[in-house]
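Read through the structure below, which is laid out as structure tokens, and then see the notes.
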Amino acid sequence: MRISDLGEFGLIRNIQRLSLRKSSSALIGIGDDAAALKVSSSKTLLVTTDMLLEKIHFDFSFTDFHSLGWKSAAANLSDIAAMGGVPRYCLTSIGIPDHVSVEQIRDFYRGFHSLMKTHKTVLVGGDTCHSAKGMVISITVLGEVDKRNLLSRAGAKPGDRVFVTGTLGDSAAGLEILKKRAKGQGGMIKGAEARPLIAKHIRPVPRVAAGRAIARSRCASAMIDISDGLSSDLAHICEQSGVGAEIHSDRIPISPALMKLSAGLTMPALCYALSGGEDYELLFTVPPRKIKMLQSLRIPVTEIGSVKRGKALTLVEDTGIKKTLQATGYDHFRRMESPQNAQRGRLPL
Ligand code: ADP
Ligand code: MG
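Numbering-wise (this note's numbering), the sequence shown opens with residue 5 and increments by one.
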């Protein structure tokens, strides 16, 4: 069987089934944003690792080493945020191709630490190798959370409301603008207007404080960070929780910048919001009786729908028409089959 028939998540399920041992102290193992490991009766260790590959996750024609360091930190901190945790330590493993200089690696680490420092997260190890082709970056972050505040992708119940932090689709739109410019096609799009979208793509800000506040208030029933795209990450929550969901297209938060520039982009703004990856916002579910508690946290969040019985994912259009919401976020292996997937923007409807 070809890996592209299974897709990234089917392959991970295969790997999970082949793992020989389970541990009772691994409260959460494969299948969530981070593993949660019991270290004492109250404390839980969170561990997450993410790989970034040149030409797959980043391209030096669109980013610089400093921003790449920042983004590598952000992607991992975001997974700790999604569990409601506090990041503490990190390890960096890098594969360096011939085209990279010492000064560039130093720039990478300056960017990396400029974000890690704001979260008091300390580099404690890693590995350094030569890479035959393309830069390889693998970051691991260790964090902690009180066991009773731990949030996972499982736990959403029918009737819960679905919320997101911030705005969605900016990062994918920012990437498209960078690609258009590289091809000399960005003439229609003004620099100042595009800046917030590009910034969200190359220097995303992980929602660590929001994730922690949501977890400590214990208002949420499940949480994930939006790294693959709203439609896919909502599907991950639903799959792990054994539920379906219905979201409303006119409630999905879209930034003024994306609204303004969408006429010059390939797809409608909503498509970037539904299937664009790397927003690093938080998607979470809250039982109705705890919504007041969430509001008291004063975090900018938007209610976009609700959790339903069954498995269906539904998008209610502004006309009231309901459509099945396809999980159209990024999948590393389906990408080989479908060129649209590579655009991080198959139409989700
Ligand atoms: P995220 O997008 O939040 O980083 P992923 O989609 O990359 O999460 O991974 C989903 C889950 O699968 C995580 O629990 C991750 O640790 C696990 N996983 C992914 N690849 C492997 C692998 N090769 N071996 C073991 N676990 C894996
Ligand atoms: Mg994640």
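We put the CB at the ideal spot given by N, CA and C, even for glycine.
query = Hey, how far is the Cα of I218 from the Cα of I251?
reply = One-based indexing of the sequence shown puts residue 218 at position 214. One-based indexing of the sequence shown puts residue 251 at position 247. Spanning the two alpha carbons is a distance of roughly 21 angstroms.
query = Who are R165's beta bridge partners in DSSP?
reply = Mapped onto the sequence shown, residue 165 falls at position 161. R165 is bridged to V290 and S310.
message = Are there any heavy atoms of the ligand ADP lying less than 7 angstroms away from the beta-carbon of S231, as far as the coordinates show?
response = Taking the sequence shown and counting its residues from 1, the one referred to as residue 231 is at position 227. Result yes, Cβ under 7 angstroms from the ligand ADP.
key: Extent of the continuous beta strand (DSSP E) run through T52   = Numbered from 1 along the sequence shown, position 48 holds the residue referred to as residue 52. Looking at the DSSP string, the run of the beta strand (DSSP E) that includes T52 is K47 to L57.
query = How far does the beta strand (DSSP E) with T171 in it reach, from first residue to last?
reply = Taking the first residue of the sequence shown as 1, we reach residue 171 at position 167. Where T171 is concerned, there is no enclosing beta strand (DSSP E), given that its DSSP letter is neither H nor E.
ask   = Which residues mark the beginning and the end of the alpha helix (DSSP H) in which Y113 is found?
value = Stepping through the sequence shown from its first residue, residue 113 is reached at position 109. Element bounds for Y113: V106 to T122.
request  = Taking E197 as part of the alpha helix (DSSP H), name the residues at either end of that continuous run.
outcome  = For the purposes of this step, residue 197 is taken as the residue at position 193 of the sequence shown. Residues G195 to I206.
ask   = According to DSSP, what are the bridge partners of I7?
value = Counting from 1 along the sequence shown, the entry for residue 7 is found at position 3. For I7, which the question treats as bridged, DSSP gives no partner whatsoever.
Coarse secondary structure for G157, derived from DSSP in three states = For this step, residue 157 is matched to residue 153 along the sequence shown. Note that residue 157 is Arg in the sequence shown here, rather than Gly. Correct three-state label for R157: coil.
inquiry  = Rounding to the nearest angstrom, what Cα-Cα distance links S8 and G280 in this structure?
reply    = For the purposes of this step, residue 8 is taken as the residue at position 4 of the sequence shown. For the purposes of this step, residue 280 is taken as the residue at position 276 of the sequence shown. So the two alpha carbons sit approximately 20 angstroms from each other.
Assumed close pair S245, R157 - CB separation to whole angstroms, cut-off 8 angstroms = As a first step, residue 245 is located in the sequence shown; it is residue number 241 there, counting from the start. As a first step, residue 157 is located in the sequence shown; it is residue number 153 there, counting from the start. Sure, about 7 angstroms apart at Cβ, within 8 angstroms.
query = How close, in whole Å, do the beta carbons of R220 and S82 come, if the pair is a contact with beta carbons under 8 angstroms?
reply = Sequence index remark: in the sequence shown, residue 220 carries index 216 (1-based). Sequence index remark: in the sequence shown, residue 82 carries index 78 (1-based). At roughly 18 angstroms, the Cβ-Cβ gap does not stay under 8 angstroms, so R220 and S82 are not in contact.
ask   = Taking Cβ positions, are Y276 and A186 nearer each other than 8 angstroms?
value = If you number the sequence shown from 1, residue 276 lands on position 272. If you number the sequence shown from 1, residue 186 lands on position 182. No; because the gap between Cβ atoms is not below 8 angstroms, this pair is not in contact.
message = With H, G and I counted as helix, E and B as strand and the rest as coil, what does DSSP make of N345?
response = Locating residue 345 in the sequence shown gives position 341, counting from the first residue. Residue confidence is low: N345 scores 46 on pLDDT, short of 50, so the model does not pin down where it sits. Its coordinate-derived value is still stated next. Correct three-state label for N345: helix.
query = Hey, P208 and A78: beta-carbon distance below 8 angstroms or not?
reply = The residue given as residue 208 occupies position 204 in the sequence shown. The residue given as residue 78 occupies position 74 in the sequence shown. Result yes, Cβ atoms of P208 and A78 sit closer than 8 angstroms.
query = Is D83 near the ligand ADP, in the sense that its beta carbon is under 7 angstroms from a heavy atom of that ligand?
reply = Within the sequence shown, numbered from 1, the residue matching residue 83 stands at position 79. Checking every heavy atom of the ligand ADP against the Cβ of D83, one is found closer than 7 angstroms.
message = Any heavy atom of the ligand ADP inside 7 angstroms of the beta-carbon of D36?
response = For the purposes of this step, residue 36 is taken as the residue at position 32 of the sequence shown. Yes, the Cβ of D36 comes within 7 angstroms of a heavy atom of the ligand ADP.
inquiry  = Please tell me whether L201 and L265 are closer than 8 angstroms, where the distance is taken between their beta carbons.
reply    = In the sequence shown, counting from the first residue as 1, residue 201 sits at position 197. In the sequence shown, counting from the first residue as 1, residue 265 sits at position 261. Going by C-beta atoms, L201 is nearer than 8 angstroms to L265.
C-beta atoms of T53 and I141 nearer than 8 angstroms = The residue you call residue 53 lines up with position 49 of the sequence shown. The residue you call residue 141 lines up with position 137 of the sequence shown. Contact flag unset, no.
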